[in-house]
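Participant: Have a look at the structure that comes next, please.
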Amino acid sequence: MSETYYRPGLSLGSYPQRIEDRSIELEHKLKRYFRRLAGGLTRRLYSQKFVIKQVTLYQQSLKDLSEQELTEIIDYIRSELHRCGLTRPLILKSIAIIREASCRALGKSHYDVQVYGGWLMLNDMLAEMETGEGKTLTTTLASCTAALAGIPVHVITANDYLAGRDCDIMQPLYERLGLSSAAILDGMDTDQRQRGYSADIVHTTNKQIAFDYLRDRIEIGEDTGRLKFQNRQIQQWRTGAGSPLLLRGLCFAIIDEADSVLIDEAITPLIITKTIPNDESVDTYGDALYLASILFAGQDFIIDIKRKRIELTNEGEEKLGDLVANLPGHWQNSQIRERLVTQALTATHFYIKDKDYLVKDDKVQIIDQSTGRVMADRSWEQGLHQMIEAKEGCVISELREPQARISYQRFFSRYLKLGGTSGTISEVGKELRQVYHLDVVKVAPNRPGKRVMMPERLYRNTKVRDQVFLRRIHDLKEHRRAVLIGTCSVEESEKISAILKQNEINHQVLNARQDEQEAEIIAKAGQTGAITVATNMAGRGTDIALDETVAANGGLHVIALSRNPSKRIDRQLYGRSARQGDPGSAEAILSLEDSALEEFYSSAMLRVMAKFCRGDKAMPGLLSKLILWMPQMNNERRQRLLRKHLTKQDQRLRRILAFSGKFE
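For the record, in the sequence shown the residue sitting at position 435 is 434 according to the numbering used here, with numbers rising by one throughout.
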């Protein structure tokens with residue numbers, strides 16, 4: 000069957016996915032290679048100008064149709080796509096029909112650049128579109144075209160808030176096209192998920208769908224052969240048992256914020272665990288934390304900040320042996336006591352409350368550093384999570400052991416068809432091409448950007464920085480602007496909030512504690528005089544609507560008070576201003592006491608750097624740029640190597656499991 004068909008059926012089975020088999024690995028590589036060649040030819044033959052012209056011409060013929068006549072055209076394109084698959088002439092017609100349906104159902108017409116963005120996604124490419132260019136509306140061209148062809152579509156984004164919001168906003172368009180839609184969100188039970196995944200278009204997050212896929216893999220077991228799998232499905236149908244599986248395969252994924260999902264999230268494998276008995280008592284964790292507190296850094300243990308690792312010295316090991324001489328049981332085993340105390344030191348020195356995790360409802364909840372959001376269902380491995388719970392005085396949870404695992408690299412490579420978009424993707428284009436075989440194409444903005452980027456300023460300490468940003472806030476309020484203040488942690492956002500309160504400046508705070516009020520806070524953030532302090536929750540996908548006064552006086556102004564580990568995350572923050580041709584501005588007001596700088600540079604180096612900041616003056620521009628660039632460059636390099644290591648580790652594990660006959 001032609002590769003334009005990507006749906007469940009006789010050819011691909013009831014659970015289509017790209018099978019990982021060493022015997023056909025070369026075949027897949029050749030197919031990807033020729034697809035890339037064809038993609039280059041496609042971009043030349045189907046240029047942006049050509050695609051837009053063809054879509055516009057066909058849409059002109061639809062404008063005077065009645066609603067009934069448009070419905071008949073929709074039914075026609077559905078039957079043609081079912082019969083012929085995703086051929087390029089049919090894709091162009093489908094895009095025109097969806098564009099016209101959007102005008103009628105949503106009151107929004109896709110811009111020409113959005114038309115081209117949707118075309119790229121349907122041709123297995125990633126479209127880089129500037130922040131604020133309407134990527135959510137753009138994805139509907141690809142998702143609806145594929146869904147009309149009978150292909151189960153997964154629209155994947157970075158968090159539950161965006162998944163739920165996008166599904167609700169686009170539902171009138173889906174209904175006008177005769178398509179069903181659903182959002183799969185945290186807290187849903189198995190029945191709700193099964194019903195949701197049966198929809199034509201599913202909005203969800205990378206974590207939700209990857210974990211649900213792993214649950215299906217556990218259910219399928221080692222029976223990965225397509226024929227055996229089909230026989231099993233038939234037996235369940237005959238007995239009336241129904242399928243216990245959640246998904247309908249991995250047919251087509253459209254990834255919004257693709258760099259966040261495919262790159263930033265790809266440093267940690269996804270692991271489904273099961274509970275196991277915890278041999279360690281609460282007292283054991285408490286003893287380990289106490290012992291860790293009386294050891295001296297540099298003498299008893301070495302802290303490797305860059306690698307986030309702690310190692311006991313010989314002197315520390317001897318001292319620890321003496322300290323536990325009167326303690327019972329496992330404390331007399333050197334390996335166990337050193338593991339426990341090293342873990343306690345790690346929990347104390349590297350995992351900071353309100354930065355790395357939040358304590359909520361007597362539970363330790365991990366904060367995703369790139370999004371600022373709580374990952375309530377995630378936990379650290381090998382007893383570290385329990386050690387942090389003991390540190391915070393929380394109830395100690397049960398230990399867990401892996402039941403199934405998969406990396407994002409492996410998971411997304413199993414989709415038959417993959418496309419996506421982001422505003423900050425070109426920096427990682429080479430890695431995306433190497434790992435996922437996806438080309439990145441930059442799409443010009445619909446209107447020239449009006450964002451005014453002010454020079455970054457670096458001060459000697461946070462005291463001076465805070466004085467400068469307070470003066471800036473007063474100035475912006477006088478000019479009737481709205482202000483978004485970006486920080487990199489819950490702790491930092493609450494410190495800034497306290498400073499604003501001391502200076503009697505009305506404001507609102509958006510961080511992991513206020514996630515339930517997110518929509519309400521964002522709705523007010525573009526109003527005249529609004530001051531919003533936020534973590535990275537206000538980054539990707541956040542659309543701040545401006546009132547008329549703010550728009551007339553220069554738009555939203557973004558102030559970054561913290562340096563993010565990646566330049567792309569900084570760009571996402573700045574991208575909240577000047578969206579879709581609106582005015583706006585952004586700047587960074589930073590200090591040498593920024594956590595990103597303190598983790599990279601030694602204290603001695605920072606003291607030398609401070610001498611270049613005279614009084615309350617900022618550091619000279621070129622020097623400050625170099626100082627700020629180095630930690631980000633180093634972190635991005637380290638993350639890239641981590642992802643590369645994870646991919647190689649994944650390949651080794653796959654070979655071992657294949658040899659042993661196990662499935663994951």
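Yeah, the Cβ is synthetic: ideal placement off N, Cα and C, and Gly gets one too.
When the Cα atoms are used, what is the spatial distance from LYS352 to ASP360?
Facilitator: To locate residue 352, count along the sequence shown from 1; it is residue 353. To locate residue 360, count along the sequence shown from 1; it is residue 361. Straight-line Cα distance between these residues: approximately 14 Å.
Participant: Quick test of your reading: ASN441 and SER421, contact by CB under 8 Å. State the CB separation rounded to the nearest angstrom.
Facilitator: Within the sequence shown, residue 441 is the residue found at index 442, counting from 1. Within the sequence shown, residue 421 is the residue found at index 422, counting from 1. With the sequence shown as reference, residue 441 is identified as Lys, and Asn is not the correct amino acid for it. So it is not a contact: roughly 11 Å between Cβ atoms.
Participant: Enumerate in chain order the residues of its own chain whose CB-to-CB distance from HIS329 is below 6 Å, with the five nearest sequence positions on each side excluded.
Facilitator: Within the sequence shown, residue 329 is the residue found at index 330, counting from 1. ILE335, listed in sequence order.
Participant: Where in the stretch 553-636 do unbroken runs of the alpha helix (DSSP H), each at least 4 residues long, occur, reported from the N-terminal end onward?
Facilitator: Here the runs fully enclosed are 566-573, 594-599 and 602-609.
Participant: Any idea if PHE251 is buried or exposed, counting beta-carbon neighbours within 10 angstroms, 16 or more meaning buried?
Facilitator: The count along the sequence shown starts at 1 and reaches residue 251 at position 252. Buried, by the Cβ-count rule.
Participant: Using the Cα positions of HIS109 and ILE183, report the straight-line distance between them to the nearest angstrom.
Facilitator: For the purposes of this step, residue 109 is taken as the residue at position 110 of the sequence shown. For the purposes of this step, residue 183 is taken as the residue at position 184 of the sequence shown. Answer to the nearest angstrom: the Cα atoms are 26 Å apart.
Participant: Going along the chain, which unbroken runs of the alpha helix (DSSP H) with 4 or more residues stay wholly within the stretch 444-513?
Facilitator: 461-477 and 489-501
Participant: Who are the Cβ neighbours of ARG409 in its own chain at under 6 Å, not counting the five residues just before and after it?
Facilitator: Locating residue 409 in the sequence shown gives position 410, where the first residue counts as 1. These residues qualify, in order along the chain: ASP649.
Participant: Going by beta carbon distance, what residues of the same chain come within less than 8 Å of ARG479, once the five residues before and after it are set aside?
Facilitator: The sequence position of residue 479 within the sequence shown is 480, counting from 1. Leaving aside the five residues that flank ARG479 on each side, the residues in its chain whose CB is nearer than 8 Å to its CB run, in chain order, THR527, GLY528, THR548, VAL549 and ASN552.
Participant: Leaving out five residues on either side along the sequence, give the residues of the same chain with a beta carbon under 7 Å from the beta carbon of GLN402.
Facilitator: Locating residue 402 in the sequence shown gives position 403, counting from the first residue. Cβ neighbours of GLN402 beyond the five flanking positions: ILE217, ILE271, THR272 and LYS273.
Participant: Which residues in the same chain as CYS143 place their Cβ atom closer than 6 Å to its Cβ, once the five residues preceding and following it in sequence are excluded?
Facilitator: Position 144 of the sequence shown, counting from 1, holds the residue named residue 143. Cβ neighbours of CYS143 within its own chain (closer than 6 Å, five residues either side excluded): ILE97 and LEU176.
Participant: Taking only three categories from DSSP, how would you classify PHE410?
Facilitator: As a first step, residue 410 must be located in the sequence shown, where it is residue number 411. Three-state result, PHE410: helix.
Participant: Using C-beta distances below 6 Å, list every residue in its chain close to THR646, excluding the 5 sequence neighbours before and after it, in chain order.
Facilitator: As a position in the sequence shown, residue 646 is number 647, starting the count at 1. Closer than 6 Å at Cβ, skipping near neighbours: GLN408.
Participant: Whose C-beta lies closer than 8 Å to the C-beta of SER333 among residues of the same chain, with five residues either side of it excluded?
Facilitator: Numbered from its first residue, the sequence shown carries residue 333 at position 334. These residues qualify, in order along the chain: GLU316 and GLY320.
Participant: Spatial neighbours of GLY8 within its chain, please: CB distance less than 7 Å, with the 5 preceding and 5 following residues excluded, ordered by chain position.
Facilitator: Your numbering for residue 8 matches position 9 in the sequence shown. Answer for GLY8: no residue qualifies.
Participant: In whole angstroms, what separates the C-alpha of GLU132 from that of LEU125?
Facilitator: Mapped onto the sequence shown, residue 132 falls at position 133. Mapped onto the sequence shown, residue 125 falls at position 126. Their Cα atoms are separated by approximately 15 Å.
Participant: How would you label ILE23, buried or exposed, when you count the other beta carbons within 10 angstroms and need 16 or more for buried?
Facilitator: Counting from one through the sequence shown, the residue named residue 23 turns up at place 24. Residue placement at ILE23 cannot be trusted, given a pLDDT of 48 that sits under 50; what the coordinates show is reported in the next sentence. Using a 10 angstroms sphere on the CB of ILE23, the tally of other CB atoms stays under 16, which defines it as exposed.
Participant: So if DSSP puts LYS441 in a beta bridge, which residue, or which two residues, is it bridged to?
Facilitator: Along the sequence shown, read from residue 1 onward, the residue named residue 441 stands at position 442. Answer is GLU127.
Participant: Between which two residues does the alpha helix (DSSP H) harbouring GLN121 extend?
Facilitator: Position 122 of the sequence shown, counting from 1, holds the residue named residue 121. First, the amino acid is wrong: residue 121 is Leu here, not Gln. Looking at the DSSP string, the run of the alpha helix (DSSP H) that includes LEU121 is 111-121.
Participant: Name, in chain order, the residues that DSSP records as bridge partners for LYS362.
Facilitator: Residue 362 sits at position 363 when you count from the first residue of the sequence shown. For LYS362, which the question treats as bridged, DSSP gives the partners LYS359.
Participant: For THR70, does the three-state DSSP call read helix, strand or coil?
Facilitator: Numbered from its first residue, the sequence shown carries residue 70 at position 71. If DSSP states are grouped into helix, strand and coil, THR70 belongs with the helices.
Participant: Going by the CB atoms, is the gap between ILE626 and GLU586 shorter than 8 Å?
Facilitator: Position 587 of the sequence shown, counting from 1, holds the residue named residue 586. Position 627 of the sequence shown, counting from 1, holds the residue named residue 626. Cβ atoms of GLU586 and ILE626: not closer than 8 Å.
Participant: Just the Cα atoms here: how many angstroms apart are ILE387 and LEU469?
Facilitator: Residue numbering aside, residue 387 sits at position 388 when the sequence shown is read from its first letter. Residue numbering aside, residue 469 sits at position 470 when the sequence shown is read from its first letter. Approximately 36 Å between the Cα atoms of the pair.
Participant: Does DSSP classify MET374 as helix, strand or coil?
Facilitator: Here the question's residue 374 lines up with position 375 in the sequence shown. Strand, per DSSP.
Participant: Starting from the Cα of LEU11, find the closest Cα among LYS206, LEU415 and VAL281 and give me that residue.
Facilitator: Your numbering for residue 11 matches position 12 in the sequence shown. With distances taken between Cα atoms, LEU11 lies closest to LEU415.
Participant: Please go through the same chain and pick out, in chain order, the residues whose beta-carbon is closer than 7 Å to the beta-carbon of ASP367, but skip the five residues on each side of it.
Facilitator: As a first step, residue 367 is located in the sequence shown; it is residue number 368 there, counting from the start. Within the same chain, ASP367 has close Cβ partners MET374.
Participant: May I ask which residues mark the beginning and end of the alpha helix (DSSP H) holding ASP282?
Facilitator: Position 283 of the sequence shown holds residue 282. Here the alpha helix (DSSP H) through ASP282 covers 281-292.
Participant: DSSP state of SER22, grouped into three classes?
Facilitator: Start at 1 with the first residue of the sequence shown, and residue 22 comes out as number 23. For SER22, the pLDDT reaches just 46, beneath the cut-off of 50, and the residue's location in the model is therefore unreliable, although a value from the coordinates is still provided. Note: SER22 maps to helix in three-state DSSP.
Participant: Going by CA-CA distance only, name the one from THR541, ASP569 and GLY583 that's closest to LEU555.
Facilitator: Here residue 555 refers to the residue found at position 556 when the sequence shown is read from its first residue. Residue GLY583 is the option with its Cα nearest to LEU555.
Participant: Please confirm whether MET386 has its beta-carbon closer than 8 Å to some beta-carbon of chain D.
Facilitator: The structure shown contains no chain D, having only a single protein chain.
Participant: Starting from the Cα of SER369, find the closest Cα among ARG562, ALA291 and ASN502 and give me that residue.
Facilitator: Here residue 369 corresponds to residue number 370 of the sequence shown, with the count starting at 1. If we check each option's Cα against that of SER369, ARG562 comes out closest.
Participant: From GLN113 to PRO268, what does the alpha carbon distance come to, in whole angstroms?
Facilitator: Residue mapping note: residue 113 aligns to position 114 of the sequence shown, counting from 1. Residue mapping note: residue 268 aligns to position 269 of the sequence shown, counting from 1. Near 33 Å, if we compare the C-alpha coordinates of PRO268 and GLN113.
Participant: Which same chain residues end up closer than 7 Å to SER576 when comparing Cβ atoms and leaving out the 5 residues on each side of it in sequence?
Facilitator: The count along the sequence shown starts at 1 and reaches residue 576 at position 577. The residues are ARG450, GLY554, LEU555, HIS556, VAL557, GLY583, SER584 and ALA585.
Participant: Give the straight-line distance between the Cα atoms of LEU572 and GLU79, rounded to the nearest whole angstrom.
Facilitator: Residue numbering aside, residue 572 sits at position 573 when the sequence shown is read from its first letter. Residue numbering aside, residue 79 sits at position 80 when the sequence shown is read from its first letter. Taking the straight line joining both Cα atoms gives about 43 Å.
Participant: Taking the alpha-carbon positions, what's the GLY186 to ALA145 distance?
Facilitator: Working through the sequence shown from its first residue, we reach residue 186 at position 187. Working through the sequence shown from its first residue, we reach residue 145 at position 146. Each residue's Cα considered, the two are about 28 Å apart.
Participant: With a threshold of 6 Å on Cβ separation, who are the neighbours of ASN460 within its own chain once the five nearest residues in sequence on each side are excluded?
Facilitator: Counting from 1 along the sequence shown, the entry for residue 460 is found at position 461. Closer than 6 Å at Cβ, skipping near neighbours: SER590 and GLU592.
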